[in-house]
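Peer 1:
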Amino acid sequence: MLSRIRVVISLFLLALLLIGSQALGAEKRDPGSHFFDETWGDLQEEQATARTEGKQGILIFFELDECPFCHRMKRSVLNQPEVQDYFRKHFRIFTIDIEGDVEMVDFQGNATTQKDFAFKANRVRATPVMVFYDLDGKEVMRYTGATSGVEEFLWLGEFIAEGHFKTMRFTKYKRQKARVARQSQ
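Under our numbering, the residue at position 10 of the sequence shown is numbered 10, and the numbers go up by one with no gaps.
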């Protein structure tokens, strides 16, 4: 009888542990619905919307379905609420498949496809590539590859949103942020 009670208590504790771990995992949110904005593929319209909403610009995440680094970004960085909230506050954010045949309209109002916009207009050759555009559709920053994690990606967002890209390179900004973070520990 005592062994049955121990088994029941052990199962109960295990269930609590599983529920607790699921609650911790609940902090992650789907990037498809919480990071990226929905779009009909007209970047001129999205530009106008960004202006109306008081955003600093537009972020385009160029990706490829088979890209492991794109999947890692979505699985470990873009699914974090703090990342989603910060970026959605400051930018309109869209994803473009670099092999996509979906028709779209670029910042100049020209009809094109996702792959032509990626390859011809933006010279995207690897993924992921994150390109920030100002409200006039001018590229202000390009980051190729996955960031090291949430902290670096947030620094990238701050770098653009706060206008630091006008006076320094991201590598310098990152070094400054890392130094401040080390000193505060």
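Glycine is no exception: its CB is placed at the ideal position from the N, C-alpha and C atoms. Every value quoted in this text rests on a predicted model; they were computed, and no experiment measured them.
#1: Classify Asp-101 as helix, strand or coil using the three-state DSSP reduction.
#2: Could you tell me the alpha carbon to alpha carbon distance between Gly-145 and Leu-154, rounded to whole angstroms?
#3: From what residue to what residue does the beta strand (DSSP E) around Arg-88 run?
#4: Taking contact to mean 3 or more Cβ pairs, one atom from each stretch, closer than 8 Å, check whether the region 125–138 and the region 66–84 are in contact.
#5: In the DSSP assignment, the alpha helix (DSSP H) including Val-180 goes from what residue to what residue?
#6: Per DSSP, what kind of secondary structure is Glu-151 in: helix, strand or coil?
#7: I'd like to check one pair, Gln-84 with Phe-35: are the Cβ atoms closer than 7 Å?
#8: For Met-73, is the classification buried or exposed, using 16 other Cβ atoms within 10 angstroms of its Cβ as the cut-off for buried?
#9: Give the DSSP-derived three-state secondary structure of Ala-111 in the structure shown.
#10: Suppose contacts are defined by Cβ-Cβ distances below 7 Å. Is Ala-188 in contact with Ile-96 by that definition?
#11: If I measure Cβ to Cβ from Asp-106 and keep anything under 7 Å in the same chain, skipping five residues before and after, which residues do I get?
#12: Could you check what DSSP says for Ser-21 in three-state terms: helix, strand or coil?
#13: Between Leu-156 and Tyr-143, how many whole angstroms is the CB-CB distance? I'm expecting something under 8 Å.
#14: Leaving out five residues before and five after Thr-147 in sequence, what residues of the same chain have Cβ atoms less than 6 Å from its Cβ?
#15: Quick check: Gly-137 and Gln-80, are their CB atoms within less than 7 Å of each other?
#16: Nearest-angstrom Cα distance between Gly-52 and Arg-75?
#17: Met-168 to Arg-29, Cα distance in whole Å?
#18: By how many angstroms is the C-alpha of Arg-88 removed from the C-alpha of Ala-50?
#19: Compare the beta carbon distance of Phe-132 and Leu-78 with 7 Å and say whether it is the shorter of the two.
Peer 2: Judging by the given coordinates:
#1: Taking the first residue of the sequence shown as position 1, residue 101 is located at position 101. Coil.
#2: In the sequence shown, residue 145 corresponds to position 145, counting from 1. In the sequence shown, residue 154 corresponds to position 154, counting from 1. Each residue's alpha carbon lies about 15 Å from the other.
#3: Residue 88 sits at position 88 when you count from the first residue of the sequence shown. Looking at the DSSP string, Arg-88 is not in any beta strand (DSSP E); the run it does join, the alpha helix (DSSP H), is 81–90.
#4: Yes, the region 125–138 is in contact with the region 66–84.
#5: As a position in the sequence shown, residue 180 is number 180, starting the count at 1. Segment 170–183, the alpha helix (DSSP H) holding Val-180.
#6: To locate residue 151, count along the sequence shown from 1; it is residue 151. In the displayed model, Glu-151 falls within a helix according to three-state DSSP.
#7: On the sequence shown, residue 35 is found 35 positions in, with the first residue counted as 1. On the sequence shown, residue 84 is found 84 positions in, with the first residue counted as 1. Result yes, Cβ atoms of Phe-35 and Gln-84 sit closer than 7 Å.
#8: If you number the sequence shown from 1, residue 73 lands on position 73. Under this definition Met-73 is a buried residue.
#9: Position 111 of the sequence shown, counted from the start, is the residue given in the question as residue 111. In the three-state reduction of the DSSP assignment, Ala-111 falls in the strand class.
#10: Shown here, the chain extends from 1 to 185; a query on residue 188 therefore has no answer.
#11: For this step, residue 106 is matched to residue 106 along the sequence shown. Within the same chain, Asp-106 has close Cβ partners Leu-43, Thr-112, Phe-117, Ala-121.
#12: Mapped onto the sequence shown, residue 21 falls at position 21. Note that Ser-21 has pLDDT 41, beneath the 50 cutoff, so the model's placement of it is unreliable and the number below is only indicative. Note: Ser-21 maps to helix in three-state DSSP.
#13: The residue you call residue 156 lines up with position 156 of the sequence shown. The residue you call residue 143 lines up with position 143 of the sequence shown. That belief holds up - the Cβ atoms of Leu-156 and Tyr-143 are roughly 6 Å apart, short of 8 Å.
#14: Here residue 147 is taken as the residue at index 147 of the sequence shown, counted from 1. Hits under 6 Å: Phe-153.
#15: To locate residue 137, count along the sequence shown from 1; it is residue 137. To locate residue 80, count along the sequence shown from 1; it is residue 80. Taking 7 Å as the Cβ cut-off, Gly-137 and Gln-80 do not qualify as a contacting pair.
#16: By one-based count along the sequence shown, residue 52 stands at place 52. By one-based count along the sequence shown, residue 75 stands at place 75. Here residue 52 turns out to be Thr, not Gly, going by the sequence shown. Using only the alpha carbons, I get a separation of about 31 Å.
#17: Residue mapping note: residue 168 aligns to position 168 of the sequence shown, counting from 1. Residue mapping note: residue 29 aligns to position 29 of the sequence shown, counting from 1. Taking the straight line from one Cα to the other gives about 33 Å.
#18: Locating residue 50 in the sequence shown gives position 50, where the first residue counts as 1. Locating residue 88 in the sequence shown gives position 88, where the first residue counts as 1. The straight-line gap from Cα to Cα measures roughly 11 Å.
#19: Along the sequence shown, read from residue 1 onward, the residue named residue 132 stands at position 132. Along the sequence shown, read from residue 1 onward, the residue named residue 78 stands at position 78. No; because the gap between Cβ atoms is not below 7 Å, this pair is not in contact.
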